[in-house]
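First the structure, in the form of C-alpha cells, and then the observations on it.
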Amino acid sequence: MKTNISELRPPFPHIIVPDFHTVKVGWYNCQKDLEQQGIFAVIEVTLRPKGKSDWTRIYLGKGRSCIYEDLQGATEYEIRLRYKVGDSYGPYSDSVIFKSPTEPNAGFDLHKAIESENIDTLSALLEK
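Each residue of the sequence shown is one higher than the one before, starting from 1 at the first, in the UniProt record's numbering.
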C-alpha cells in the first residue's frame, strides 16, 4: 500500500535551547517507522518572526534536531516542520511560537552613553 505524502503528519517541533541568537529545535524521530513502510522522508524546518509573511528554511535532513544561530534578541518566532519525499512536500505541523531572550547590555553601549553624557540613553540602557 502506497502512502500519499499529503497524508503524512509531521512530528511536533520542540524548542530545546533558546538564547539571544540561537535556538535548538528537536522532534520525535519518525523516519525509521516511515522507512519500514518504504517511505524515505526528510524533515524540513522553517522559521519566521511572528507576524511576518516569509518563512526561512533552517534545516532539511534526516536528523532529530537542528540548531539555528541567527535569531534577533527579544523577538517572537514561529517554527514548523513538514516531510519531504522526493520532490513532494507534506503538510506543515502546527507552528510553535517562542521568544528569544533580550540581549544583555554591551559594555560598549554603556561606555558610549556615559562618554557622550546622554542621560536618556544611559537611563534606557540601565532599565533593560
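A virtual CB, placed ideally from N, CA and C, is assigned to each residue, including glycine.
For Lys99, which residues from the same chain have a beta carbon less than 8 Å from its beta carbon, with the 5 sequence-adjacent residues on both sides left out?
Pro18, Ala74, Thr75, Glu76, Tyr77, listed in sequence order.
Could you check whether Ser88 and Ile16 sit closer than 9 Å to each other, using their CB atoms as the reference points?
No.
Inter-residue Cα distance where the pair is Ser123 and Lys32:
Taking the straight line from one Cα to the other gives about 55 Å.
Could you please give the first and the last residue of the uninterrupted alpha helix (DSSP H) stretch that includes Leu60?
Here Leu60 belongs to no alpha helix (DSSP H); instead the beta strand (DSSP E) covers 56-61.
Identify whether Glu44 lies in helix, strand or coil by the three-state DSSP scheme.
Glu44 falls in the strand class under three-state DSSP.
For Glu78, report the span of its beta strand (DSSP E) as first-last.
Glu78: member of the beta strand (DSSP E) spanning 76-85, first to last residue.
Check Ile39 in the structure and name its three-state DSSP category.
It is coil, neither helix nor strand.
For Leu60, which residues of its own chain have a beta-carbon under 8 Å away from its beta-carbon, when the five flanking residues on both sides are left out?
The residues are Val42, Ile43, Glu44, Val45, Lys84.
Is Lys52 helix, strand or coil when you go by DSSP?
Judged by DSSP in its simplified three-state form, Lys52 adopts coil rather than helix or strand.
Any idea which residues DSSP pairs Gly90 with across the strands?
None; Gly90 has no bridge partner.
Considering only residues of the same chain and omitting the five flanking positions on each side of Leu34, which have a CB-CB separation below 6 Å?
For Leu34, where only same-chain residues beyond five positions count, the Cβ hits under 6 Å are Ala41.
Can you grab the Cα-Cα spacing for the pair residue 136 / Asn29, in whole Å?
Absent from the structure is residue 136, since the part of the chain shown begins at 1 and ends at 128.
Applying the 10 Å Cβ sphere with the 16-neighbour rule, what's the burial state of Arg82?
Residue burial is scored here from C-beta neighbours: Arg82 has at least 16 other C-beta atoms within 10 angstroms and is therefore classed as buried.
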